[in-house]
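Trainee:
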Amino acid sequence: MYFAKLKGVKIIFVILAIIYVHISEIQPAYGQEIMEADTFLTDKGSFDITFIGHASLLINFRHKLIYVDPVMREADYSTMPKADLILVTHHHGDHLDSVAINHLLKKETLLIMPEKSKSLLRIKHKIKTIKAFDKKVLLFARLEAVPAYNIVNLRKTGEPYHAKGEGVGYILTLDNKRIYIAGDTENIPEMKTFNNIDIAFLPMNLPYTMSPEMVADAAIMFKPKILYPYHYSKTDTNKIKLLLHDKTEIDVRIRKF
Ligand SMILES: [Zn+2]
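Just so you know, we're using the numbering used here here: the sequence shown kicks off at 9 and counts up by one.
This is how it looks when you write it as structure tokens:
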């Protein structure tokens, strides 16, 4: 009886230790709120996506850590584990930050970004550049860059906030799951050619990216199974839920960014 109790206590202790390790892995920097993460099943296992904030994501794919657009204003990356892969969508300060990237680098880190981002980054690490429609086969994933740009939202000068050719979105394939991380874009016609997207991150804030109506239009073009509006700043997230409420095949998930 005593030993049975002791065994029970041990099991509880082990469970608590596992929970602690898991939470501490995604625990944000001192003083920040706890970040949310979702888990996804694949044909071979699972992966987690942590919503760090704004446009910053962390994907943990069987202990391969993939960071997307890491920036210090969203988290203290000096306290976070080193990256196996870093993907940068474009050169604006809410997506590209040399300090955050430097904290995440180890010798083997694969760092991928468009040419313009590379030209503005001041680090010693090797950088692989990518442009829309490039495809790369990585050791543990497949990667495709897709266009990301503005059509209707322009600066006062008439220039788009995001010029065609400067930034990209990424379609990342992990096992049998395809994840589309749009970067900063509008509902561009190229989205009609995207297929089998399981998880999509679409930016939703004016004037830089899309209104909820434009996000709904984008989602209807390629019908992701799961849609996360991100990069939404103060945009009312209820609107996108309402706009897509009859599209029951799209699971619209609102998370804290
Ligand atoms: Zn942005």
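Don't be surprised by glycine CBs; every beta carbon is placed ideally from N, CA and C. Please read all numbers here as calculations on a predicted model, not as lab measurements.
State the Cα-Cα distance for the pair residue 135 and residue 108, rounded to the nearest angstrom.
Mentor: 15 Å
Trainee: In angstroms with no decimal places, state the Cα-to-Cα distance between residue 260 and residue 223.
Mentor: Cα to Cα, the separation comes out at about 11 Å.
Trainee: Quick one: what's residue 70 bridged to in DSSP?
Mentor: BP columns for residue 70 are empty, so no partner.
Trainee: Given 8 Å as the limit, is there contact between the stretch 136-152 and the stretch 224-235, that is, 3 or more CB pairs closer than that?
Mentor: These segments do not touch.
Trainee: Which value, in whole angstroms, describes the spacing of the CA atoms of residue 30 and residue 144?
Mentor: Note that residue 30 has pLDDT 47, beneath the 50 cutoff, so the model's placement of it is unreliable and the number below is only indicative. Rounded to whole angstroms, the separation of the alpha carbons of residue 144 and residue 30 is 31 Å.
Trainee: Of all the options 200, 116, 121, 115, which has the alpha carbon lying nearest to the alpha carbon of residue 105?
Mentor: 121
Trainee: Could you give the residue range of the alpha helix (DSSP H) that holds residue 223?
Mentor: It spans 220-230 - the alpha helix (DSSP H) in which residue 223 sits, taken as one unbroken run.
Trainee: Taking all protein chains shown into account, do 16 or more other C-beta atoms lie within 10 angstroms of the C-beta of residue 253, making it buried, or fewer, making it exposed?
Mentor: exposed
Trainee: Excluding the five sequence neighbours on either side, which residues of its own chain have a C-beta within less than 6 Å of the C-beta of residue 200, listed in chain order?
Mentor: 229
Trainee: Candidates 64, 82, 193, 74: which alpha carbon is nearest residue 182's?
Mentor: 74
Trainee: Is it buried or exposed, residue 103, if we count other Cβ atoms within 10 angstroms and call 16 or more buried?
Mentor: buried
Trainee: What do you reckon, is the C-beta of residue 63 under 7 Å from a heavy atom of ligand 1?
Mentor: Relative to the non-hydrogen atoms of ligand 1, the Cβ of residue 63 comes within a distance shorter than 7 Å of at least one.
Trainee: At which residues does the alpha helix (DSSP H) containing residue 107 begin and terminate?
Mentor: 106-112
Trainee: Can residue 247 and residue 211 be called in contact, C-beta distance under 8 Å?
Mentor: With contacts defined as CB atoms closer than 8 Å, residue 247 and residue 211 fail to qualify as a contacting pair.
Trainee: Considering only their Cβ atoms, is the gap separating residue 176 from residue 140 smaller than 8 Å?
Mentor: yes
Trainee: Among 43, 51, 64, 49, which has the Cα closest to the Cα of residue 239?
Mentor: With distances taken between Cα atoms, residue 239 lies closest to 64.
Trainee: Quickly, what does DSSP pair residue 49 with across the bridge? List them, please.
Mentor: 54
Trainee: Please state whether DSSP places residue 181 in a helix, a strand or coil.
Mentor: Under the three-state reduction of DSSP output, residue 181 falls in the strand class.
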